[in-house]
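Asker:
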Amino acid sequence: MLDLDKLFTNYTIPEFNENLVTWFNREKRDLPWRHNKNPYRVWVSEVMLQQTRVDTVIPYFNRFMERFPTMESLAEAEPEDVVKYWEGLGYYSRVRNLHQAVREVVAVYDGIVPEEKERFEKLKGVGPYTTGAVLSIAYNQPEPAVDGNVMRVMSRQFGIYDDIALPKTRKLFERVVRRLMDPSHASDFNEGVMELGATVCTPKNPMCSLCPVQEHCYAYTHNVQEELPVKTKKGASRIEMYDALYCRRDGKTAYVKRPDAGLLAGMWQYPLTERGTGEQVNGTYVGQVKHVFSHIVWYLDLYVVETLPEGDWVWLDGEERAKLTVSVAQQKLEQMAGVDDETVRRNDDV
DNA sequence: AACCCGGGGGC
DNA sequence: GCCCCAGGGTT
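Numbering-wise, this note's numbering puts 345 at position 344 of the first sequence, and it's gapless, one number per residue.
This is how it looks when you write it as structure tokens:
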């Protein structure tokens, strides 16, 4: 185990805190969830920000908070309505877990986000990072909130070469943060480190000349910014190929609902058949959609067909379709089908 | 510990 | 193309 006493030898902890917090309060970006820090808003923002960039989250956060301004309003809503406000944001289990957790807070904790760590961390979708982030930012509790930014900043600051892809490494950085953080400025410390990682101590080409904690930084001193943090590569994605069937009847289009568990759980799409396993598709080829997930690559060949194989598809008009939640892959197919419809209509006109 | 789970942006 | 992103759940 890494010896923290050795790590902090000749290291001035108060100076790090002073420089970081002063910098953060001068340079912090104007973000919607910083306008007021009620625990519910902080919580929603932290869930949306999981593996998702700030610029992507901002419009989703604003729409979500406008529609569900309080935990009570969210608790009362139907799951299908809530998921619709997450459409396109990805990792949809986040919103289902958040919805369930907020319902629990309203029912069990009288609508107050629990300040007790042992209670908050047990809520659905709340892991070690979100626990520390909400308790420190909303309640100023001295809890570590170790995300990718924190591991990058701290690995460089102290020259820690542990592989950040390993689960146990996060715990190491939690020990580092507990040792380093000034407990009376927990909120500014955690937000400050993350802000630093997002804007200055970036993965590529960090702007060390702008860094408030450059002086004692191991990576800067030894000029090894590019080799930290250490992270092992993940394996190659698997490739999946499907035929997507676009079938119209009486002004309606066939859709199926994906299974309630697994990839894109419960979301709606055109009927898909795995290529090569079924019979040859009897239809008109339109084109191919490529869609990249974090661990899978989809190639979807779109066909216009007159008849469908057996399945639980339903017929939807435009108004009905608009209420349902679909993946971005499905949006690409609809775009392609729509373009094809336009082509057909134009040719009919001629 | 390893794998699953979206989508987008930077280089 | 590859990497990363204010990660968590399941096995």
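In this text, a Cβ means the ideal position worked out from N, Cα and C, and glycines have one as well.
Select from 13, 227 and 17 the residue whose C-alpha is nearest the C-alpha of residue 189.
Answerer: 17
Asker: Please classify residue 161 as buried or exposed, where buried requires at least 16 other C-beta atoms within 10 Å of its C-beta.
Answerer: buried
Asker: Which same chain residues end up closer than 8 Å to residue 349 when comparing Cβ atoms and leaving out the 5 residues on each side of it in sequence?
Answerer: The predicted model places residue 349 with a pLDDT of 48, which falls under 50 and marks its position as unreliable; any figure quoted below should be read in that light. Hits under 8 Å: none found.
Asker: Are the CB atoms of residue 126 and residue 99 within a distance shorter than 7 Å?
Answerer: yes
Asker: Rounded to the nearest angstrom, what separates residue 19 and residue 191 at their Cα positions?
Answerer: Each residue's alpha carbon lies about 13 Å from the other.
Asker: Is it buried or exposed for residue 124, if we count other Cβ within 10 angstroms and need 16 for buried?
Answerer: Residue 124 is buried by the Cβ-count criterion.
Asker: Would the beta-carbon of residue 337 fall within 7 Å of that of residue 287?
Answerer: Against a cut-off of 7 Å, the Cβ pair of residue 287 and residue 337 comes out as a contact.
Asker: In whole angstroms, what separates the C-alpha of residue 148 from that of residue 265?
Answerer: 25 Å
Asker: Quick one, which of 218, 297, 304 and 271 has its alpha-carbon nearest residue 325's?
Answerer: 271
Asker: Just to check my reading of the structure: residue 306 and residue 247 have Cβ atoms closer than 8 Å, yes? What is that Cβ distance to the nearest angstrom?
Answerer: 7 Å
Asker: For residue 146, which residues in the same chain have their Cβ closer than 7 Å to its Cβ, ignoring the five residues on either side in sequence?
Answerer: Sequence-distant partners of residue 146 (beyond 5 residues in either direction) whose C-beta falls short of 7 Å from its own C-beta, in its chain, are 130, 133, 134, 137 and 191.
Asker: By DSSP, does residue 28 sit in helix, in strand, or in coil?
Answerer: Correct three-state label for residue 28: helix.
Asker: When the distance is taken between beta carbons, is residue 293 closer than 7 Å to residue 301?
Answerer: no
Asker: Near residue 120, which residues of its chain fall below 8 Å by C-beta distance, leaving aside the five closest residues on each side in sequence?
Answerer: 110
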